[in-house]
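Asker: Please read through the structure below; I'll follow up with questions.
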Amino acid sequence: MQNFESMEDAVRVARQVLSGEMDPNLGCGLIAGIGEKLNYPTELGMFLLLGHEQYDHEGLGITAESCVPDILEACRELLAGQA
Numbered sequence: 004m005q006n007f008e009s010m011e012d013a014v015r016v017a018r019q020v021l022s023g024e025m026d027p028n029l030g031c032g033l034i035a036g037i038g039e040k041l042n043y044p045t046e047l048g049m050f051l052l053l054g055h056e057q058y059d060h061e062g063l064g065i066t067a068e069s070c071v072p073d074i075l076e077a078c079r080e081l082l083a084g085q086a
């Protein structure tokens with residue numbers, strides 16, 4: 004089993020999401036978990052929000068599927084910030 008606990012891991016997951024190797028919702032959850040382990044760095048803040056929003060908000064019209072475009076954008080922004 005692979006550990007996900009560093010900023011480098013978050014960047015790797017974001018790359019996998021954008022390349023289609025990983026489901027965006029799963030990747031978001033993994034990056035959100037990394038953010039928690041790293042004490043909520045600003046660079047991962049959007050993943051923490053989206054990780055929370057993507058489940059149990061269907062009554063508000065927010066679903067895991069509807070969060071995918073925002074997750075993809077957050078991945079692009081994370082990678083742009085690492086350049």
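If you count the sequence shown from 1, position 33 lands on 36 in the numbering used here, and the numbers rise without skipping. Every residue, glycine too, gets a C-beta built ideally from N, C-alpha and C.
According to DSSP, is I37 part of a helix, a strand, or is it coil?
Answerer: It is helical.
Asker: Could you check whether the segment 35 to 45 touches the segment 59 to 78, counting it as contact only if at least three pairs of C-beta atoms, one from each stretch, sit closer than 8 Å?
Answerer: The answer is no - the segment 59 to 78 does not touch the segment 35 to 45, with fewer than three Cβ pairs under 8 Å.
Asker: Do you know how far the Cα of E56 is from the Cα of E68?
Answerer: Approximately 11 Å between the Cα atoms of the pair.
Asker: In chain order, what residues of the same chain lie with their CB nearer than 7 Å to the CB of G54, ignoring the 5 residues before and after it?
Answerer: Once the five neighbours on either side are set aside, the close Cβ partners of G54 are C31, G32 and A35.
Asker: Can you give the Cα-Cα distance for N28 and A17, rounded to whole angstroms?
Answerer: Between N28 and A17, the C-alpha separation is close to 11 Å.
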